Amino acid sequence: MDIDAWLWWLIGAAVLGIGLVITAMPELGMLAVGAVAAALVSGIFGGGAVAQVAVFAGVSTALIAVVRPIANRHRTGRPQLATGVDALKGKHAVVLERVDGSGGRIKLAGEVWSARALDADRAYEVGQEVDVVDIEGATAIIM
Numbered sequence: 000m001d002i003d004a005w006l007w008w009l010i011g012a013a014v015l016g017i018g019l020v021i022t023a024m025p026e027l028g029m030l031a032v033g034a035v036a037a038a039l040v041s042g043i044f045g046g047g048a049v050a051q052v053a054v055f056a057g058v059s060t061a062l063i064a065v066v067r068p069i070a071n072r073h074r075t076g077r078p079q080l081a082t083g084v085d086a087l088k089g090k091h092a093v094v095l096e097r098v099d100g101s102g103g104r105i106k107l108a109g110e111v112w113s114a115r116a117l118d119a120d121r122a123y124e125v126g127q128e129v130d131v132v133d134i135e136g137a138t139a140i141i142m
């Protein structure tokens, strides 16, 4: 029983697709697309072995060259929308109880927070507006 070349390419694409699912390596998916392209060249256009391998290599290389840099940029980029405590950094707050290096209270984003001065020698009085520099646990660090 002879199996046509296009079927071998599809089997290879399926194996690469399974490998993609198991390992989560996106490069395997790009190679699978190259194998499908080679299967099309073999089955529909009747291309020879050289054309099939050339299409497989060309499509796979092009996908890796184009998609990988885009994926890396998205993976390493910081989120554009800050959420949670990161959204509170840089916000203005109002001192409710005197804040110094050992503690105090502020009103931040409509909530009462414990706070501590960034500079331990500095004190902020009631009603004074301050900036939140960082959040450590449930304590806002202000200046």
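Under numbering that gives the first Met the number 0, think of the first position of the sequence shown as 0, with each following residue one higher.
Cβ atoms here follow ideal geometry from the backbone N, Cα and C, with glycine treated the same way.
Bear in mind the structure is a predicted one, so any value in this text is a computation, not a measurement.
With a cutoff of 8 angstroms on beta-carbon distance, V58 and A92 are scored as not near each other. Burial of V94 is indicated by the presence of at least 16 other C-beta atoms within 10 angstroms of its C-beta. A13 places its beta carbon 8 angstroms or farther from that of S41. Shortest Cα-Cα distance from D99 to any of G136, S113 and A137 involves S113. DSSP, read as helix, strand or coil, puts A31 in helix. For the options R121, A119, V125 and L117, the alpha carbon positioned closest to that of I105 is the one of V125.
If you compare the alpha carbons of A137, A81, P68 and L87 with that of G102, the shortest gap goes to A137. Spanning the alpha carbons of L27 and T82 requires a straight line of approximately 34 angstroms. With a minimum length of 3 residues, there is no unbroken run of beta strand (DSSP E) contained wholly in the region 56 to 90. Residues of the same chain with a CB within less than 8 angstroms of the CB of V52, apart from the 5 flanking positions on each side, are A37 in chain order.
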